[in-house]
Amino acid sequence: MPELDWIKGFALKMGEGTEEIPWTERYLSRMKNMYADGDACREILEKQDPLIYRFHELGAPEEDGVLSFGITELMPGKVGNEYYMTKGHFHKKLMTSEIYLCLSGSGMLMLENMEGDWKVIPMKEMEAVYVPAGYAHRSINTGNEVLRMFFVYGADAGHDYNTIETKGFRHLVTEQDKETAVIENPAWQAASE
Ligand code: F6R
Ligand code: ZN
Numbered sequence: 386m387p388e389l390d391w392i393k394g395f396a397l398k399m400g401e402g403t404e405e406i407p408w409t410e411r412y413l414s415r416m417k418n419m420y421a422d423g424d425a426c427r428e429i430l431e432k433q434d435p436l437i438y439r440f441h442e443l444g445a446p447e448e449d450g451v452l453s454f455g456i457t458e459l460m461p462g463k464v465g466n467e468y469y470m471t472k473g474h475f476h477k478k479l480m481t482s483e484i485y486l487c488l489s490g491s492g493m494l495m496l497e498n499m500e501g502d503w504k505v506i507p508m509k510e511m512e513a514v515y516v517p518a519g520y521a522h523r524s525i526n527t528g529n530e531v532l533r534m535f536f537v538y539g540a541d542a543g544h545d546y547n548t549i550e551t552k553g554f555r556h557l558v559t560e561q562d563k564e565t566a567v568i569e570n571p572a573w574q575a576a577s578e
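In my numbering, each residue carries its 1-based index in the sequence shown increased by 385.
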């Protein structure tokens with residue numbers, strides 16, 4: 386029989402978030418090369434190192450047939466005019482999908498596959514977004530409050546961060562004239578030449 390304590394402990398507290406399961410925290414210093422405006426990023430880091438997001442999951446065994454689920458909390462804010470975002474990743478087992486459910490706040494989910502097909506999907510409270518197999522995904526907080534998301538995916542999917550860390554996504558989500566604007570990522574074009 387598998388050990389079920391991890392499922393029970395998390396399921397009971399999911400509505401409020403749980404303090405018992407450790408959060409993985411990502412501070413700006415850990416993703417400073419991912420934002421387009423390097424100067425703005427350095428300026429912030431000279432004064433402070435803000436928490437950009439944190440997430441936790443229940444530590445499900447990374448096995449075929451097991452689902453892993455958890456919560457991400459993405460803070461509101463910008464680096465230059467680019468909204469706070471997660472690192473984003475492909476799944477190592479590329480053809481695995483995922484579901485995100487926005488619990489509170491508002492933002493976007495950036496999707497992009499290896500062939501360059503991409504889409505930005507708005508996330509609003511209590512709306513779910515499907516991440517199709519083969520698509521890298523990054524969440525972006527375009528609102529003024531914490532963007533809180535529930536996620537679930539096959540526990541053996543694995544995470545490939547390197548592809549996005551080196552190439553980036555083809556598009557950025559920015560604020561222009563107080564409006565949210567999706568623009569081409571010049572750094573991606575340079576990296577792919
Ligand atoms: C899991 C998943 C999410 C993210 C989390 C943090 O496959 O997509 O749980 O892991 O939102 O984002 P990353 O992993 O991009 O730092
Ligand atoms: Zn994922």
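From the three backbone atoms N, C-alpha and C, an ideal C-beta is built for every residue, glycine too.
Would you mind stating whether residue i and residue j have Cβ atoms separated by less than 9 Å?
i: E483; j: H441; result: no
i: G490; j: L532; result: yes
i: F475; j: Y412; result: no
i: D562; j: E448; result: no
i: G492; j: N526; result: yes
i: L555; j: E497; result: The sequence as given places Arg at residue 555; Leu does not occur at that position. It is a contact, given that the beta carbons lie within the stated cut-off.
Check the C-beta distance from residue i over to residue j and give it rounded, since I have them as a contact under 8 Å.
i: Y385; j: M460; result: Residue 385 lies beyond the residue range present for the chain, which begins at 386 and ends at 578; the question has no answer from this structure.
i: A421; j: N570; result: 7 Å
i: L488; j: M419; result: Not a contact, Cβ separation roughly 24 Å.
Tell me whether residue i is buried or exposed, calling it buried when 16 or more other Cβ atoms sit within 10 Å of its Cβ.
i: K477; result: exposed
i: G539; result: buried
i: L452; result: exposed
i: A529; result: In the sequence on display, residue 529 carries Asn and not Ala. That one is exposed.
i: Y409; result: Note on identity: in this sequence residue 409 is Thr, with Tyr being the wrong assignment. With fewer than 16 other Cβ atoms within 10 Å, it is exposed.
Under 8 Å Cβ to Cβ from residue i, same chain only, skipping five residues before and after it: list those, please.
i: M416; result: I437, K472
i: L557; result: A421, E467, V567, I568, E569, N570
i: K509; result: C487, S491
Near residue i, which residues of its chain fall below 7 Å by C-beta distance, leaving aside the five closest residues on each side in sequence?
i: G462; result: P435, Y469
- Item | Length-filtered (4 minimum) alpha helix (DSSP H) runs lying within the segment 514 to 549 | DSSP runs (the alpha helix (DSSP H)) wholly in the segment 514 to 549: none.
- Counting only runs that start and end within the segment 449 to 511, where is the beta strand (DSSP E) found for 3 or more residues in a row? Listed in chain order, they are 452 to 459, 483 to 489, 492 to 498, 503 to 508.
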